[in-house]
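Student: What follows is a single structure, and I will ask about it in a moment.
Numbering (the numbering used here), first residue to last: 17 to 317.
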């Protein structure tokens, strides 16, 4: 069964995001990554830990993700529609932050909150037409906002029960399948996991994207739930840093989506844009078309 956040996520990953002309379908972003990545996976006495199995990879990812408090990257989201066969792409910036909040009320005085924002600036439609369009997606741990300044549209949904928090990057739940710091046991409880050759079944451009420099580990996840919103999820991680580089999702309808990340930075090297996590509702009379949807329960959407 899908949670309300999964419905919101489907709106993004399976229905709204898009980019890349036919001749450049699934073309990898060419700019090299800069300094500021995480350290190598460490084993005993500071030597790089050996990753020879999917279990090794999941344990290493769980450990490495715990050290990430901030993360930024340039992002390209490419979606191919199964029925129509056309491809669309959006390009922009991804921001992720893990914060600790102190509350004066409630059962949990200290709450760890994970939030993300994606600001897309360029839309490339089928046929190669390029449009400059800013579109923001922001999740602050409880509220999910879609904001389009050009058309002055603002949609705000409370996708988590009041007082609770949620991991926006959890595989199968959030809009971007980038499992950062998730527990091995939690992933295996919901997915059949395997490691696959990084370049298998990829076109030349994407194969080069995941094999250049240090190369990548490729994690394939098949949902155990036959009613899941995705048939398959794959994530490629750099072998030297275990930071995500590419993610692929195949929806239940057969739509295929790729999320490419370059210039991935974390912690002190990641500069979070001021105000990027702002979800304030525009004031009445400000000219914005506003829709606010409070929490309605598990079956309220």
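We treat Cβ as the ideally placed atom computed from N, Cα and C, and that holds for glycine.
For residue 70, which of 236, 281, 228 and 107 has the nearest alpha-carbon?
Tutor: As a first step, residue 70 is located in the chain shown; it is residue number 54 there, counting from the start. Ranking the options by Cα distance to residue 70, first place goes to 236.
Student: With a cut-off of 8 Å on the beta carbons, I'd call residue 154 and residue 288 a contact; round off their distance for me.
Tutor: Stepping through the chain shown from its first residue, residue 154 is reached at position 138. Stepping through the chain shown from its first residue, residue 288 is reached at position 272. So it is not a contact: roughly 12 Å between Cβ atoms.
Student: Opposite residue 239 in the DSSP bridges: which residues?
Tutor: Translated into the one-based positions of the chain shown, residue 239 becomes position 223. For residue 239, which the question treats as bridged, DSSP gives the partners 207.
Student: Could you pull out every unbroken beta strand (DSSP E) segment of at least 3 residues lying fully inside the segment 126 to 166, listed in chain order?
Tutor: Counting only runs of 3 or more, we get 126 to 140, 146 to 155 and 159 to 164.
Student: On the premise that residue 226 lies in contact with residue 261, defined as a C-beta separation below 8 Å, what is that separation, rounded to the nearest angstrom?
Tutor: By 1-based counting over the chain shown, the position of residue 261 is 245. By 1-based counting over the chain shown, the position of residue 226 is 210. Sure, about 6 Å apart at Cβ, within 8 Å.
Student: Between residue 232 and residue 246, which are expected to be in contact by the criterion C-beta below 8 Å, what is the C-beta distance as a whole number of angstroms?
Tutor: On the chain shown, position 216 is the one that residue 232 refers to. On the chain shown, position 230 is the one that residue 246 refers to. Going by Cβ atoms, the distance from residue 232 to residue 246 rounds to 20 Å, so no, they are not a contact pair.
Student: So what's residue 299 in DSSP terms, helix, strand or just coil?
Tutor: By 1-based counting over the chain shown, the position of residue 299 is 283. Coil at residue 299, not helix or strand.
Student: Please work out which residues of its chain come closer than 6 Å, Cβ to Cβ, to residue 85, disregarding the five sequence neighbours upstream and downstream, and give them in chain order.
Tutor: Within the chain shown, numbered from 1, the residue matching residue 85 stands at position 69. Answer for residue 85: 114 and 283, listed in chain order.
Student: What does the alpha-carbon distance come out to for the pair residue 173 and residue 146?
Tutor: Here residue 173 is taken as the residue at index 157 of the chain shown, counted from 1. Here residue 146 is taken as the residue at index 130 of the chain shown, counted from 1. Cα to Cα, the separation comes out at about 30 Å.
Student: Kindly say whether residue 227, judged by its beta-carbon, lies nearer than 8 Å to any beta-carbon of chain D.
Tutor: Absence of chain D from the displayed structure is noted, only one protein chain being present.
Student: How far does the beta strand (DSSP E) with residue 227 in it extend, from its first residue to its last?
Tutor: Along the chain shown, read from residue 1 onward, the residue named residue 227 stands at position 211. Unbroken run through residue 227 is the alpha helix (DSSP H), 220 to 227; no beta strand (DSSP E).
Student: Under a three-way DSSP split, which group does residue 37 fall into?
Tutor: Counted from its first residue, the chain shown places residue 37 at position 21. Because the pLDDT of residue 37 is 24, which lies under 50, any placement of that residue in the model is unreliable, and the number read from its coordinates should be weighed accordingly. Coil, per DSSP.
Student: Under the assumption that residue 238 contacts residue 208 (Cβ atoms under 8 Å), give the Cβ distance between them as a whole number of angstroms.
Tutor: Translated into positions along the chain shown, residue 238 becomes position 222. Translated into positions along the chain shown, residue 208 becomes position 192. Residue 238 to residue 208, Cβ: 4 Å. Contact.
Student: Going straight from the alpha carbon of residue 252 to that of residue 169, what length do you get?
Tutor: To locate residue 252, count along the chain shown from 1; it is residue 236. To locate residue 169, count along the chain shown from 1; it is residue 153. For residue 252 and residue 169, the distance between alpha carbons rounds to 34 Å.
Student: In this structure, does DSSP put residue 77 in helix, strand or coil?
Tutor: The count along the chain shown starts at 1 and reaches residue 77 at position 61. Three-state DSSP puts residue 77 in a helix.
Student: Let me check one thing: in DSSP terms, what residues is residue 171 bridge-paired to?
Tutor: Counting from one through the chain shown, the residue named residue 171 turns up at place 155. In DSSP, residue 171 forms a bridge with 162 and 307.
Student: Who pairs with residue 267 in a beta bridge, going by DSSP?
Tutor: Your numbering for residue 267 matches position 251 in the chain shown. Bridge partners of residue 267: 246.
Student: Enumerate in chain order the residues of its own chain whose CB-to-CB distance from residue 292 is below 6 Å, with the five nearest sequence positions on each side excluded.
Tutor: Against the chain shown, residue 292 aligns to sequence position 276. Cβ within range, chain order: 111 and 133.
Student: Since residue 88 and residue 109 should fall inside the 8 Å C-beta cutoff, what is the C-beta to C-beta distance between them, to a whole number of angstroms?
Tutor: Taking the first residue of the chain shown as 1, we reach residue 88 at position 72. Taking the first residue of the chain shown as 1, we reach residue 109 at position 93. At roughly 7 Å, the Cβ-Cβ gap stays under 8 Å, so residue 88 and residue 109 are in contact.
Student: How far does the beta strand (DSSP E) with residue 69 in it reach, from first residue to last?
Tutor: What you label residue 69 is simply residue 53 of the chain shown in a count that begins at 1. Taken as a continuous stretch (DSSP letters only), residue 69 belongs to no beta strand (DSSP E), as it is neither H nor E.
Student: List the DSSP bridge partners of residue 230.
Tutor: What you label residue 230 is simply residue 214 of the chain shown in a count that begins at 1. According to DSSP, which records beta bridges pairwise, residue 230 is partnered with nothing at all.
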